[in-house]
Each structure stands twice: as structure tokens, then as C-alpha cells.
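Chemist:
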Amino acid sequence: MLRRFSLYGFLKNQQYYDYFLILAFRQMGLSYFLIGVLVAFREITVNFMEIPSGAIADLTGRRRSMIFSFVAYIISFLTFGLAGTAAMKGAISEYGLIPLLFLAMFFFAAGDAFRTGTHKAMIFTWLYLQGRTDERTRVYGYTRSWSKIGSAVSVLLACGFVFATRNYIYVFFFAIIPYVLNIINFLGYPKTLDGDSRERTSLREMTHHLRETLALAVGRPELRRLMLESMGFEGFFKASKDYLQPILKAAAVPLAAGLFTDVSLTVEQKSVVLIGPVFFVLFILSAAASRNVYLLVPRPGREDRAARMLWGVTFLVFLCLLPALWFRVYWVMIAGFMVLYVLQNLWRPLLISRIDARGEKEKGATVLSVESQAKSLATMLMAPLLGWFIDRARDHHVGIGEFWPIGIMGAVIALGFFLTAAEKNPLPGGTGKRVDS
Numbered sequence: 007m008l009r010r011f012s013l014y015g016f017l018k019n020q021q022y023y024d025y026f027l028i029l030a031f032r033q034m035g036l037s038y039f040l041i042g043v044l045v046a047f048r049e050i051t052v053n054f055m056e057i058p059s060g061a062i063a064d065l066t067g068r069r070r071s072m073i074f075s076f077v078a079y080i081i082s083f084l085t086f087g088l089a090g091t092a093a094m095k096g097a098i099s100e101y102g103l104i105p106l107l108f109l110a111m112f113f114f115a116a117g118d119a120f121r122t123g124t125h126k127a128m129i130f131t132w133l134y135l136q137g138r139t140d141e142r143t144r145v146y147g148y149t150r151s152w153s154k155i156g157s158a159v160s161v162l163l164a165c166g167f168v169f170a171t172r173n174y175i176y177v178f179f180f181a182i183i184p185y186v187l188n189i190i191n192f193l194g195y196p197k198t199l200d201g202d203s204r205e206r207t208s209l210r211e212m213t214h215h216l217r218e219t220l221a222l223a224v225g226r227p228e229l230r231r232l233m234l235e236s237m238g239f240e241g242f243f244k245a246s247k248d249y250l251q252p253i254l255k256a257a258a259v260p261l262a263a264g265l266f267t268d269v270s271l272t273v274e275q276k277s278v279v280l281i282g283p284v285f286f287v288l289f290i291l292s293a294a295a296s297r298n299v300y301l302l303v304p305r306p307g308r309e310d311r312a313a314r315m316l317w318g319v320t321f322l323v324f325l326c327l328l329p330a331l332w333f334r335v336y337w338v339m340i341a342g343f344m345v346l347y348v349l350q351n352l353w354r355p356l357l358i359s360r361i362d363a364r365g366e367k368e369k370g371a372t373v374l375s376v377e378s379q380a381k382s383l384a385t386m387l388m389a390p391l392l393g394w395f396i397d398r399a400r401d402h403h404v405g406i407g408e409f410w411p412i413g414i415m416g417a418v419i420a421l422g423f424f425l426t427a428a429e430k431n432p433l434p435g436g437t438g439k440r441v442d443s
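According to my numbering, the sequence shown is numbered sequentially starting from 7.
#1: In the DSSP assignment, the alpha helix (DSSP H) including E274 goes from what residue to what residue?
#2: Could you say which of T149, I80, E274 lies nearest to Y174 if we only look at CA atoms?
#3: Kindly confirm or deny that the region 111-130 and the region 66-84 touch, where touching means at least three C-beta pairs closer than 8 Å.
#4: Return yes when the Cβ of G407 is within less than 8 Å of the Cβ of L331, no when it is not.
#5: Using 8 Å as the Cβ pair cut-off and three pairs as the minimum, do the region 151-160 and the region 279-297 touch?
#6: What are the boundary residues of the alpha helix (DSSP H) that includes A245?
#7: DSSP three-state call for F178: helix, strand or coil?
#8: Report the residue from M233, K197, S246 whose alpha carbon sits nearest the alpha carbon of L27.
#9: Taking all protein chains shown into account, decide if Q350 is buried (16 or more other Cβ within 10 angstroms of its Cβ) or exposed.
#10: Can you grab the Cα-Cα spacing for the pair T51 / G264, in whole Å?
#11: How would you label T143, buried or exposed, when you count the other beta carbons within 10 angstroms and need 16 or more for buried?
#12: Sorted by chain position, which residues of the same chain lie with C-beta nearer than 7 Å to F192's C-beta, five sequence neighbours on each side aside?
#13: Apply the 10 Å Cβ neighbour rule to W337 and answer buried if 16 or more other Cβ atoms are within range, or exposed otherwise.
#14: Would you decide whether E100 is buried or exposed? Buried here means 16 or more other CB atoms lie within 10 Å of its CB.
#15: Please list the terminal residues of the continuous alpha helix (DSSP H) segment that includes H125.
#16: Mapping the DSSP letters down to three states, classify V348 as helix, strand or coil.
#17: Are the beta-carbon atoms of S296 and G147 separated by less than 8 Å?
#18: Using only alpha-carbon positions, find the residue among L271, Q21, L280 that is nearest to K255.
#19: Once DSSP output is grouped into helix, strand and coil, what is the label at E235?
#20: First and last residue of the alpha helix (DSSP H) that includes V159?
#21: Does the distance from the C-beta atom of P390 to that of G42 stay below 8 Å?
#22: In angstroms with no decimal places, state the Cα-to-Cα distance between G67 and Y195.
#23: Rounded to whole angstroms, what's the CA-CA distance from S37 to D397? Just pull it up for me.
#24: Return the CA-CA distance between Q33 and L84, expressed in angstroms with no decimal places.
#25: Do you know how far the Cα of N188 is from the Cα of F11?
#26: What residue range does the alpha helix (DSSP H) around L29 cover?
#27: Do F108 and F54 have their CB atoms nearer than 8 Å?
#28: Between V259, R9, N19, P355, which has its C-alpha nearest F239's C-alpha?
#29: Please classify S270 as buried or exposed, where buried requires at least 16 neighbouring CB atoms within 10 angstroms.
#30: Within the continuous alpha helix (DSSP H) that includes A93, where are the two ends?
#31: Would you mind working out which of H403, A384, P411 sits nearest G393, comparing C-alpha positions?
#32: T198: buried (16+ other C-beta within 10 angstroms of its C-beta) or exposed?
#33: So, with DSSP's three-state summary, where would you put D24?
#34: Which same chain residues, not among the five before or five after R400, have their C-beta less than 7 Å away from its C-beta?
#35: On the criterion of 16 or more Cβ atoms from any shown chain inside 10 Å, does L357 qualify as buried, or is it exposed?
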């Protein structure tokens with residue numbers, strides 16, 4: 007099953023659109039604030055669907071939930087691609103484009119909601135059935151490393167598509183192919199990974215299951231703390247990470263002009279000169295980080311100490327980024343974002359392992375969906391606010407570069423969690439052992 011789990015991650019991350027999403031929106035004339043509003047809408051929709059989707063996955067079958075998720079993604083890609091193409095050809099106005107973008111975001115959010123937490127719960131169920139729960143961090147890190155290898159491959163393919171078509175929009179159509187292949191991959195998953203599923207699920211059953219899981223996540227102080235940490239680290243990372251795209255584009259245009267003096271290239275083609283190599287190296291580093299994260303935890307019970315150390319390093323990175331973002335020192339900005347990507351791939355397996363160790367097996371998908379909802383809520387609040395600050399910095403010429411609010415917000419969040427983090431959060435009952443019902 008490790009091969010299928012790894013194949014899932016590899017195909018899932020063939021997200022060819024992901025490296026050009028902000029650039030595509032900017033090409034359509036959207037402000038950073040409006041882009042943030044679109045992101046917030048996606049997160050609001052995920053928030054409404056997240057916890058019920060996890061409960062449905064636990065009760066009706068996780069494989070069905072995953073297949074539905076990827077069908078929703080495919081509909082989203084088609085909508086983005088068709089709407090963007092029509093807008094570029096002048097077939098629809100901006101007033102016609104915006105509702106279609108919101109519609110595409112709705113289906114994308116549905117895909118996220120029914121996927122997030124569900125596949126992780128399938129991995130942890132398999133580990134439980136195999137008697138290998140002590141390998142949570144290592145196995146999850148290994149499968150996540152294949153996701154990052156998939157990202158490294160996808161960025162090269164995506165840049166090839168953009169260079170060949172001179173269009174950011176068409177990558178949505180190409181992304182449909184690997185998602186269809188992943189649906190085929192799910193058909194080979196054994197029924198035992200569905201958990202305690204039933205053919206029919208009553209509303210009362212789902213509500214009871216959901217209420218118990220919320221009580222578990224909010225009632226236990228150690229789980230509540232982890233939800234807040236997820237909001238701070240993952241929520242802000244998700245709100246800020248895509249600003250690497252315009253930074254790379256701005257740095258790539260003069261670089262490409264110097265390298266290809268005798269070749270006529272469009273701005274879209276010039277942008278891939280840096281986007282391709284930087285994201286490729288970035289994802290290779292991220293894969294190595296995910297695969298070796300267990301080295302930060304030499305023995306069980308040390309995850310909290312490692313997490314506190316990562317908060318401290320994250321604060322230092324944002325502190326170094328702030329002057330680079332203010333003075334528009336592109337290479338320092340790019341290097342700083344790359345370090346943040348690597349830190350996130352060290353952080354994520356640690357967080358998931360800490361949550362799973364404090365949860366209950368039967369509520370695995372729902373607890374992880376609660377965590378993902380908390381992260382979505384943070385992104386929903388931070389994305390428009392961050393976009394608004396960046397627009398104001400650009401419009402009022404505050405600083406040489408406009409992206410410095412990222413450094414300030416990130417440093418404040420990281421410092422707050424570093425100063426309040428305990429090196430070890432006790433597990434329920436103080437036994438250091440996982441509690442299963």
C-alpha cells in the first residue's frame with residue numbers, strides 16, 4: 007500500500023496551475039486584495055464543508071469521499087480554464103468573469119474539503135491494522151516526500167506548457183489528466199481503509215459523530231493548542247506562499263532579457279526562466295525534508311520540542327526577510343521563501359503526528375478535518391488582510407518593495423507561538439501513550 011499512497015501524493019501534486027495562479031489573476035486585472043477575497047471565499051467554503059466531510063468519510067467510506075473530491079477538482083479546473091480562456095479572448099466581461107471564478111473556487115473548495123484529512127486517516131488506519139503506529143512520522147514523511155517529488159516534476163511540466171502555449175490559463179486543462187489517473191488509483195484501495203463504514207448514514211449518526219469529535223478537539227487542552235498552532239503556521243503559510251510567484255516573475259524578466267538577447271520572448275515565457283528552476287529545487291529540498299523529518303524526533307515524545315525549535319527558526323527567517331522585502335532584494339527574498347517552504351515540510355508531518363497521537367482512531371478523519379478547518383479559518387482572515395496591506399504599500403509607495411507586510415505578520419505570529427510553546431505537552435492521563443476508544 008505504500009506504493010499506492012505514494013502514487014496518490016505524486017499524482018495529486020500535478021498541480022500545474024499552482025505556480026501561476028496569482029500571475030493569471032493579475033493578468034486578468036485583479037488586485038491583490040481581490041485575489042485575497044477569492045482565497046478567503048475558498049476557505050469559507052472549505053470551512054462549511056470540512057468537518058461534515060470528514061464525518062461523512064468516516065461513516066460512509068473514505069474511498070468514495072476521495073473519488074468525489076477529485077471529481078470536484080476536475081470540474082473546478084474546467085471552469086477556471088474555460089472562463090480564463092473566454093476572458094482572454096474578450097468573450098466575457100470582468101463582471102461575467104468574477105462569478106465564474108467564484109464558482110470554480112467553490113468546486114475547488116469542495117475537492118479540498120472531502121480530501122483533506124481523509125487520506126491521512128487512511129494511512130493511519132493502515133498503520134494501525136499493520137501494528138506499525140510507532141512509525142507514523144516516518145511513514146507519513148515518506149509518502150509526503152513523494153508528493154514533493156510530484157511537485158518537482160509538475161513544475162517542470164507546467165513551465166513547459168506555459169512556454170509552449172504562452173498562456174497561464176491552459177495549464178488548468180493539462181491538470182485534469184493526472185487527477186483522472188488518481189481516481190483509477192483509488193479503485194485499488196482495500197475496503198478495510200474505509201474504516202467503520204455503513205451503506206447508509208443517518209443525519210443523527212453524523213451529528214453525534216461530529217459532536218463527539220468537536221468535544222475531543224476542543225475539550226483537550228493539548229489538542230486545542232495544536233489547532234491554534236496549525237492556524238498560525240499553516241494558515242499564514244497558505245495565505246503568503248503564493249507571493250513567491252510575482253517575486254520570481256519580477257526577478258526573471260531582466261534576467262531573461264540578459265540571457266536571451268537575440269530571442270523574442272513574451273513576459274509569460276520569461277517568467278518560467280526562474281519559476282521552473284526555483285520551484286524544482288524547492289520541491290526537491292521539501293521532499294528531502296519530509297522524508298527525513300523523523301531525524302528531528304530521535305525517540306517518541308520529542309515532537310513538541312522539535313516543533314518549538316521550528317517556531318524559533320521560522321521567526322528568524324521572517325526577521326531576515328523583512329529588510330529584503332522592503333528594499334526589494336530579490337535573491338534574498340527568493341532564498342527566504344525557499345527556506346519557509348522547507349520549514350513547512352518539516353512542520354507538517356510533526357503536527358499531523360502530534361494530533362494523531364492525541365486523537366482516537368475511529369474519529370481520525372474528522373479530527374484532522376477539524377485541524378484543516380482551523381487552518382482554513384486563519385487563511386480566510388489573513389489572505390484579504392495581507393493583500394490589502396500589500397496593495398496599500400504599493401499604491402502609497404511605502405518601501406521600495408510592496409511585499410514587506412509578509413515579513414512583519416510572519417515574524418509576529420512565529421514569535422508569539424515560540425514564546426508560549428512548551429517543550430512537551432503531556433498526553434491524556436500523563437501516560438505518554440495514545441488513547442483509543
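The beta carbon of each residue, even a glycine, is placed where N, CA and C say it ideally should be. Just so it is clear, the structure is predicted and the values come from calculations on it, not from any experiment.
Modeler: This is what the structure holds:
#1: 273-297
#2: E274
#3: yes
#4: yes
#5: yes
#6: 242-246
#7: helix
#8: S246
#9: buried
#10: 44 Å
#11: buried
#12: R69, M72, I73
#13: exposed
#14: exposed
#15: 124-136
#16: helix
#17: yes
#18: L280
#19: helix
#20: 142-171
#21: yes
#22: 11 Å
#23: 7 Å
#24: 19 Å
#25: 10 Å
#26: 27-33
#27: no
#28: P355
#29: exposed
#30: 68-94
#31: P411
#32: exposed
#33: coil
#34: E408
#35: buried
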